[in-house]
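Undergrad: In the numbering used here, the protein residues as written are 52 to 156. Glycine included, each C-beta is placed from N, C-alpha and C at the ideal position. Keep in mind the model is a prediction, meaning the values are calculated, not measured.
1. Since residue 92 is in the beta strand (DSSP E), which residue starts that stretch and which ends it?
2. Please identify the residue among 143, 118, 81 and 106 whose C-alpha is closest to the C-alpha of residue 125.
3. So what does residue 116 bridge to, in DSSP terms?
4. Keeping to the same chain, check which residues put their C-beta closer than 6 Å to that of residue 86; ignore five residues upstream and five downstream.
5. Buried or exposed for residue 112, going by 16 or more other Cβ atoms inside 10 Å?
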């Protein structure tokens, strides 16, 4: 199953030097989809990601990350570059999240 997303990338520049590189996604996880355990490597800096659950699946779709900075029912803040994370299989319904990431030097 494919996960559908809409991406918005943003780079904030100060005197021709990027100080914040960020990305944003509106992601739909359809029934039957899952994200296998992985990390998201970056070339340099510290990668942070804030996932806001807009609509949870009726069954399944749990976000799993052992060392999240914040892990509430609707808000997930974590370091995807150093912490393995995954989304369990969506068994019933769809899951929608707003995912915002940034890299800090």
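TA: On the basis of the supplied data:
1. Translated into positions along the chain shown, residue 92 becomes position 41. From DSSP, residue 92 is part of no beta strand (DSSP E); its letter is neither H nor E.
2. Sequence index remark: in the chain shown, residue 125 carries index 74 (1-based). The candidate whose alpha carbon is nearest that of residue 125 is 106.
3. In the chain shown, the residue the question calls residue 116 occupies position 65. DSSP lists 136 as partners of residue 116.
4. Counting from one through the chain shown, the residue named residue 86 turns up at place 35. The answer, listed in chain order, is 137 and 138.
5. Taking the chain shown and counting its residues from 1, the one referred to as residue 112 is at position 61. Buried.
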